[in-house]
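In our numbering, the protein residues as written are 53 to 386.
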Ligand code: DHB
């Protein structure tokens, strides 16, 4: 009789080994990753079977959907629409509730280790500081490897994005960074002005933040179907987060700006419009230590991680870069 656990482990080892390649291996907050590319907290990472699939894939980590205190169904449908160059979404934090992820973590770990250790990154997105404190405290005592606190979900009616409120961000970090020794990172919204890059960087520098993830979707955008004369998604009067190719230049700029403003000890994870090895390479030049993939993963499925990793590896080989460190932040000015 076939043993599903054994099969999962075998495929996991194979997938990770395919990617164990010195040229594109990296570290986030000193935690080793077999490749530069993993999933973003977004599509296909809410359910246990989806997270197991990530464990058995070439994704360099298993990243969970942002969780809340209680389980949520998310926003009304239609809440996601693919667009020619990306997508617009207002999912509304559909997730199983943080306790379900806490309970699931040892099973996920068990399925991927010890043959192929792959970090698990949990994403938390509470509706208040109290919610985030409860969840981060619990995950500090779990087998998660990294904790990403989402300060930038644009899709909850009546809840502003924390990352656009600098005082609230500072007050939150004062408390969130005191709950344990696991590395904490922040998922930030896109910023569009140098004064905002500088203000946020100065806040981050005051605390032991280990990494930042730039950028979340560009919030509160509107796509209209001229045929039907209506918005193309239902929640929030049609306003939703814009993702994919449309936002890559914004993501690159945010990664570049923060890499110039923060000490190199704070890793930057790039997100926004990564669907090829070339996109990943551009984020590397801008200063990213790793990248996350959302829209392309939604559209292409689990194979995207292996494909993008191979493409990045070929580009690095052709350019004679022997490691991520050799190319990181090496953007040239003209
Ligand atoms: C959702 C969207 C986001 O951009 C995010 O960071 C977290 C959650 C959502 O709508 O589910």
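We put the beta carbon where it would ideally sit given N, CA and C, even for glycine.
Closest residue to residue i among the options (Cα-Cα distance)
i	options	result
residue 126	159, 154 and 95	95
residue 83	348, 213, 112 and 107	112
residue 234	196, 214 and 223	196
residue 345	101, 75, 117 and 247	117
residue 147	171, 349 and 176	176
residue 328	90, 77, 85 and 86	90
residue 254	237, 244, 209 and 313	313
residue 316	198, 381 and 361	381
residue 122	203, 115 and 149	149
residue 323	337, 306, 305 and 343	343
residue 190	374, 174 and 101	174
residue 269	295, 251 and 248	295
residue 206	159, 99 and 239	239
residue 107	358, 377 and 371	358
residue 93	184, 384 and 349	349
residue 184	379, 237 and 356	237
Proximity test, residue i beta-carbon vs ligand 1 heavy atom, cut-off 6 angstroms
i	result
residue 205	yes
residue 269	yes
residue 202	yes
residue 118	yes
residue 210	no
residue 368	no
residue 115	no
residue 144	yes
residue 289	no
residue 293	yes
Beta-ladder partner(s) of residue i, from DSSP
i	result
residue 200	175 and 237
residue 273	292
residue 322	266 and 343
For residue j and residue i, the rounded distance between their alpha carbons
i	j	result
residue 161	residue 261	24 angstroms
residue 331	residue 163	31 angstroms
residue 231	residue 386	45 angstroms
residue 333	residue 192	32 angstroms
residue 71	residue 361	The predicted position of residue 71 is uncertain, since its pLDDT is 48 and thus under 50; a value taken from the coordinates is nonetheless stated next. One C-alpha to the other measures close to 7 angstroms.
residue 281	residue 274	12 angstroms
residue 139	residue 326	13 angstroms
residue 57	residue 258	Only weak support exists for where residue 57 lies, its pLDDT of 37 falling under 50; the coordinates are left without a value.
residue 221	residue 263	15 angstroms
residue 64	residue 181	Here residue 64 scores only 48 on pLDDT, less than 50, and its place in the model is too uncertain to base an answer on.
residue 59	residue 365	In this predicted model, residue 59 has a pLDDT of only 42, less than 50, meaning its place in the structure is not dependable; the value taken from the coordinates is given anyway. Rounded to whole angstroms, residue 59 to residue 365 spans 27 angstroms at the Cα level.
residue 339	residue 131	33 angstroms
residue 247	residue 307	15 angstroms
residue 378	residue 337	10 angstroms
For residue j and residue i, believed in contact at Cβ under 8 angstroms, the rounded distance
i	j	result
residue 75	residue 341	Between residue 341 and residue 75 the Cβ distance is about 14 angstroms, and since that is not below 8 angstroms, they are no contact.
residue 256	residue 318	7 angstroms
residue 129	residue 286	7 angstroms
residue 241	residue 290	Contact doesn't hold; Cβ gap of about 19 angstroms is too wide.
residue 109	residue 284	That belief does not hold up - the Cβ atoms of residue 109 and residue 284 are roughly 30 angstroms apart, past 8 angstroms.
residue 293	residue 142	7 angstroms
residue 188	residue 203	No, residue 188 and residue 203 are not in contact; Cβ-Cβ is about 12 angstroms, not under 8 angstroms.
residue 198	residue 81	6 angstroms
is_contact[residue i, chain B] using C-beta, thresh 7 angstroms
i	result
residue 336	Chain labels in this structure do not include chain B; a single protein chain is all it has.
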